[in-house]
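Q: Take this structure, written in structure tokens, and hold onto it; I'll ask about it next.
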Amino acid sequence: MGEQVRRAVYPGSFDPPTMGHLDIIQRAARLFDELIVAVAVNSQKQSLFSLDERVQMLRECCGHLPNVRIASLEGLLARFAQQVGACAIVRGLRAVSDFEYEFQMATMNRQLAPEIDTCFLMTHQQYAFLSSSIVKEVARLGGAIETLVPPNVAHKLRERFAPQTAGTPHPSGEST
Ligand code: ADP
Numbered sequence: 367m368g369e370q371v372r373r374a375v376y377p378g379s380f381d382p383p384t385m386g387h388l389d390i391i392q393r394a395a396r397l398f399d400e401l402i403v404a405v406a407v408n409s410q411k412q413s414l415f416s417l418d419e420r421v422q423m424l425r426e427c428c429g430h431l432p433n434v435r436i437a438s439l440e441g442l443l444a445r446f447a448q449q450v451g452a453c454a455i456v457r458g459l460r461a462v463s464d465f466e467y468e469f470q471m472a473t474m475n476r477q478l479a480p481e482i483d484t485c486f487l488m489t490h491q492q493y494a495f496l497s498s499s500i501v502k503e504v505a506r507l508g509g510a511i512e513t514l515v516p517p518n519v520a521h522k523l524r525e526r527f528a529p530q531t532a533g534t535p536h537p538s539g540e541s542t
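Reminder that position 5 of the sequence shown reads as 371 in the working numbering, one-by-one numbering, no gaps.
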């Protein structure tokens with residue numbers, strides 16, 4: 367204890383950040399003095415955007431939020447949260463299907479760091495069916511993504527999935 371600043375960590379892959387993520391960030395930033403958005407390196411998933419790109423996109427989206435900081439997260443989330451002196455981990459909940467995984471993770475994190483609580487913010491109904499994977503799928507197929515992601519992210523996605531012109535090397539960091 368003795369920590370006066372109410373600091374929270376919002377971890378995720380953010381590959382790429384969506385309006386759903388941004389909504390959670392804005393709401394959590396109102397609930398806590400400081401919010402650290404922690405971009406996971408994620409060894410399990412092949413990402414479309416590199417860690418640096420994801421951090422950069424989030425920095426651009428969150429520039430107007432003075433109490434939000436973007437960091438990269440390597441290793442154990444519970445340890446990271448302890449190191450930065452957080453009192454809470456924030457996660458977003460969409461459908462019931464999110465629950466089981468989130469419940470498991472929150473239980474594990476409580477074992478690892480009993481003093482840190484996981485707070486779930488329910489998605490805005492508008493973003494209930496929005497995920498990074500669906501955004502990537504729509505972008506890959508050339509659909510409109512403007513309402514799904516912030517403008518800078520839409521730009522990056524269009525760039526990444528731009529039709530190839532002859533002689534142009536394939537964009538780096540591609541995934542299936
Ligand atoms: P992870 O790989 O850790 O699940 P994501 O980037 O997919 O990372 O998601 C990070 C967090 O944001 C998770 O808690 C997820 O449930 C939440 N989230 C993702 N999309 C939305 C959305 N549309 N509305 C609310 N929360 C969301």
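Backbone N, C-alpha and C define an ideal beta-carbon position, used for all residues, glycine too.
Where do the N-terminal and C-terminal ends of the beta strand (DSSP E) with leucine 459 fall, by residue?
A: First-last of the beta strand (DSSP E) with leucine 459: 454-459.
Q: Alpha carbon to alpha carbon, how far is valine 501 from leucine 431?
A: If I take the Cα positions, the gap works out to 24 Å.
Q: Measuring only the C-alpha atoms, how far is glutamate 419 from glutamine 470?
A: Cα to Cα, the separation comes out at about 29 Å.
Q: Are the CB atoms of proline 383 and valine 515 within a distance shorter than 9 Å?
A: Yes. Within cutoff.
Q: Is there at least one Cβ from chain D nearer than 9 Å to glutamine 392's Cβ?
A: Among the protein chains of the structure shown there is no chain D, as only one such chain exists.
Q: Can you tell which of Phe465, Ala444 and Gln491 has its C-alpha closest to the C-alpha of isoleucine 455?
A: When only C-alpha atoms are compared, the closest one is Ala444.
Q: Alpha carbon to alpha carbon, how far is arginine 460 from proline 377?
A: Near 16 Å, if we compare the C-alpha coordinates of proline 377 and arginine 460.
Q: Between Ser379, Arg425 and Arg457, which lies nearest to glutamine 412 when the distance is taken from Cα to Cα?
A: The candidate whose alpha carbon is nearest that of glutamine 412 is Ser379.
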